[in-house]
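Protein chains in written order, with the working numbering: chain A, 170 to 463; chain B, 36 to 199. Everything on this sheet refers to the single structure shown next.
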Amino acid sequence: MRHELEQIEVPGEHEARERSWTIVRAAYAEREPSERRRSWKPIVVLAGVAVVAAGLLSPPGRAVLDEIREVVGVERSQPALFSLPAPGRLLVTADSGTWVVEQDGSKRLLGPYREASWSPFGRFVVAARANELVALTPDGTVRWSLARPDVRLPRWGGTRTDTRIAYFSGGQLRVVGGDGEGDRVLDEDAAARAPAWQQESGHRLAYAARDGSVRVVDVDTGDVVDRDAAVSLLEPQAAIVSPDRRWTVVGWADADQLVFTRLGRPRRVHAVSNVSAQFRSRSFPTIEGWCCAP
Amino acid sequence: MGSEGAHVRGAQRGSASDLEALFRLHWPRAYRAAFLVVHDAAAAEDIAQEAFLAAIRNLDRFDRRRPFGPWLHRIVVNRAIDWTRARQLRAESELVDAPAPEAERLDGTVLAALAALPPDHRAVIVLRHLLEYTPGEIAELLGLPRGTVNSRLRRGLDSLRETV
């Protein structure tokens, strides 16, 4: 049997191997070796940035950011978002709607959506407006939509070939396939906090329940994998990290600035001013995600 | 194993040549195993590639005293089963034009006979007869009772004998 299985011709094996090696090698080159990641200083920086970005703009919160800026040093503050410091695209939601920002700084308004998130590989965006869930391409073309009341917090997860979208509607946590099919209620007892897909575990979703616990559920079978999981499994409310894991960006609403912080060496902080006006917004925009280079 | 362990250590320390050695050692069987379960070369490439990317993401946490192969094969086979179950539905890639899978062009060979089996039966056959795991090891890899593995092996082999 083994001989027969090994004799089966697998199409394009050599080409597939070399294509994959190119991608694996690139991913490895972008990886930060563990010794460097364990350095306490970047962790302090990230933690401080996270505290600020979580909306804790209390005096202590501002002090943390001031400390970061003092310690690391802001090398330059730009009057506009001329470019992103790392490959990828930002997804930003403002009063004017949801925008995609390319690495060269060019921006495209996708439409009047109030929340959005990337698909796992950045090929699509899922966006919410009052009574509609919409899947669209980054150029703004709508692929499908689903009418549901009071749509909030859409999050798209899964593998390259099989995806699901979790979202809230009318107080229910719901799940729908990446093609807009199979919409169903997952939990009527979920707290309205952004859920998080477990990347390495197929279609498992972590979310907060109203009793304060964090549950992990296999959305295909409905099986509860963990009824009391760690809060850290939920989507961080703050640190938006670049696809190459080398930069993080947070919004500093009081200063109307975006603050990009490089996590490795040499440490850098880039600030961008006048953010609200650049997104035609009265209030400070929300950074929804920083996803994969096209 | 000793040499593989050295490559894992090297890759953890940042050696691209050790990573390449691991990749060249394990890619062919990972890709073949994925293909034999999903019967779609493009999907098999994605699955094997994603397994290696997952390996890189978790490299620092990998216990170098354990063999690398079973850990990689677990990811590959589980993803291949998931992909096969869901192939017709909810694919992000199906929002754009997708090529027909190779499985639709199979002739009456072992590959065609494998295609007639449920995906989890295929996975057990591939793990046992291509990757040469014992039923106990397969049970551990897939999180199944050993009796289930044995019965799937038996039914799978019976079906293959009838078809081929």
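We treat Cβ as the ideally placed atom computed from N, Cα and C, and that holds for glycine.
- Around the beta-carbon of residue 451(A), fewer than 16 other beta-carbon atoms lie within 10 Å, marking it exposed.
- Between residue 299(A) and residue 319(A) the beta-carbon gap is near 7 Å, inside 8 Å, which marks them as a contact.
- With contact defined as three or more Cβ pairs closer than 8 Å, the stretch 146-154 of chain B and the stretch 45-63 of chain B are not in contact.
- Contact check between the stretch 255-264 of chain A and the stretch 272-286 of chain A: three or more CB pairs, one atom from each, fall below 8 Å, which counts as touching.
- When 49(B), 47(B), 168(B) are compared, the shortest CA-CA separation from residue 109(B) is found for 168(B).
- Of the residues assessed, residue 251(A) falls on the exposed side of the cut-off, its CB having fewer than 16 other CB atoms within 10 angstroms.
- For residue 393(A), the three-state secondary structure derived from DSSP is strand.
- A residue is called buried once 16 or more other Cβ atoms fall within 10 Å of its Cβ, and residue 183(A), having fewer, is exposed.
- At least one beta carbon of chain A lies nearer than 9 Å to the beta carbon of residue 144(B).
- Residue 383(A) and residue 403(A) do touch by the CB rule: their CB atoms are close to 6 Å apart, below 8 Å.
- In the structure shown, residue 199(A) falls within a helical segment according to DSSP collapsed to helix, strand and coil.
- Taking a Cβ-Cβ cut-off of 9 Å, residue 61(B) has no neighbours in chain A, whose nearest Cβ is about 11 Å from it.
- Counting along the chain, residue 345(A) sits inside the beta strand (DSSP E) bounded by residues 341-346.
- By the Cβ test, the stretch 184-197 of chain A is in contact with the stretch 87-98 of chain B, since at least three Cβ pairs between them sit closer than 8 Å.
- Within the stretch 100-119 of chain B, those residues whose Cβ lies closer than 7 Å to any Cβ of chain A are, in chain order, 114, 117, 118.
- Following the DSSP letters along the chain, one finds residue 248(A) in no beta strand (DSSP E), marked with neither H nor E.
- Nearest Cα to residue 432(A) within the set 189(A), 254(A), 351(A): 254(A).
- Not a single C-beta of chain B is nearer than 9 Å to the C-beta of residue 415(A).
- Taking a C-beta cut-off of 9 Å against chain A, none of the residues of the stretch 172-183 of chain B qualify.
- Counting only Cβ-Cβ distances below 7 Å, residue 164(B) has contacts in chain A at 170, 171, 174, in chain order.
- Distance from the Cα of residue 397(A) is smallest, within the candidate group 386(A), 434(A), 390(A), for 386(A).
- Within the stretch 67-79 of chain B, the residues whose Cβ lies closer than 8 Å to any Cβ of chain A are, in chain order, 67, 70, 71, 76, 78, 79.
- When 7 Å is used as the limit between beta carbons, residue 58(B) is near these residues of chain A: 190, 193, in chain order.
- Membership of residue 372(A) in any beta strand (DSSP E) is not indicated, and neither H nor E is assigned to it by DSSP.
- Within its own chain, the residues whose Cβ lies closer than 6 Å to the Cβ of residue 416(A), once the five positions on either side in sequence are excluded, are 254, 255, 429, 431, listed in chain order.
- Under the DSSP definition of a beta bridge, residue 453(A) lacks any partner.
- The straight-line gap separating the alpha-carbon atoms of residue 445(A) and residue 247(A) is approximately 14 Å.
- Against chain B, a Cβ distance below 7 Å from residue 196(A) picks out 88, 91.
- Look at the beta carbons and you see the stretch 44-53 of chain B not touching the stretch 290-310 of chain A: under three pairs across the two are nearer than 8 Å.
- Cβ contact annotation for residue 449(A) (same chain, cutoff 6 Å, sequence separation greater than five): 265, in chain order.
- Under the Cβ distance rule, residue 185(A) counts among the residues neighbouring chain B, one pair being separated by less than 9 Å.
- Two segments are said to touch when three or more pairs of C-beta atoms, one from each, lie closer than 8 Å; by this definition the stretch 307-317 of chain A does not touch the stretch 356-376 of chain A.
- Annotation: the stretch 242-327 of chain A contains the following complete segments of the beta strand (DSSP E) (minimum length 3 residues), in chain order: 243-247, 258-263, 266-270, 276-280, 284-287, 294-298, 301-305, 311-316, 320-327.
- Within the model, the alpha-carbon separation for residue 280(A) versus residue 144(B) is close to 52 Å.
- For the 9 Å CB-CB criterion, residue 374(A) and residue 344(A) form a contact.
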